[in-house]
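Report on the following structure.
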Amino acid sequence: MYLVLVGLMLGSFINLAADRIPRRESLVTPPSHCRACGRRLNAIDLLPVAGYLLRRGRCATCGVPIGSSAPIVEAVAGACMVLALIWLGPWPGAAVGLALIAAWGLAVTGLALQRQRAR
Numbered sequence: 002m003y004l005v006l007v008g009l010m011l012g013s014f015i016n017l018a019a020d021r022i023p024r025r026e027s028l029v030t031p032p033s034h035c036r037a038c039g040r041r042l043n044a045i046d047l048l049p050v051a052g053y054l055l056r057r058g059r060c061a062t063c064g065v066p067i068g069s070s071a072p073i074v075e076a077v078a079g080a081c082m083v084l085a086l087i088w089l090g091p092w093p094g095a096a097v098g099l100a101l102i103a104a105w106g107l108a109v110t111g112l113a114l115q116r117q118r119a120r
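The following block contains the structure:
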């Protein structure tokens, strides 16, 4: 269960990186916020997948749609952890390694899609 949560959080970070790297923004500051209104995201908003569902895919302040790719990337990253555990058994080192490789591929794909949309 712990590794699934790690996978979901990794997916959330992948989303942040896919959004900020093409804009040449820092991955650390400013804190996560709505691109439309600038509102800083709270703890509920930052929950991978659940935050999206609780907010019905929209910013809590301005109502602008977040986009369905965010929870999909988070869920796929969590699923990568589950698949790694199924394939490799309870040996966490190998499972985490395989899941990180899969997450890296997911991040590269996300960045490529983000760049393609920007054109």
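In terms of our numbering, the sequence shown has 63 at position 62, counting the first letter as 1, and numbering is strictly consecutive.
Glycine residues also receive a C-beta, built at the ideal position from the N, C-alpha and C atoms.
In this text the structure is predicted, and so the values were computed from the model without any measurement.
- For R57, DSSP records no beta bridge to any residue.
- Residue range 70-89 is occupied by the alpha helix (DSSP H) that includes V83.
- By the C-beta criterion, the region 17-27 is judged not to be in contact with the region 54-67, since fewer than 3 inter-stretch pairs fall below 8 Å.
- R40 has no beta-bridge partner at all, per DSSP.
- Residue pairing by DSSP places P66 opposite R59 in a beta bridge.
- By the neighbour-count criterion, in which 16 or more other beta carbons inside 10 Å mark a residue as buried, A51 falls on the exposed side.
- Around the CB of Y53, 16 or more other CB atoms lie within 10 Å, so the residue is classed as buried.
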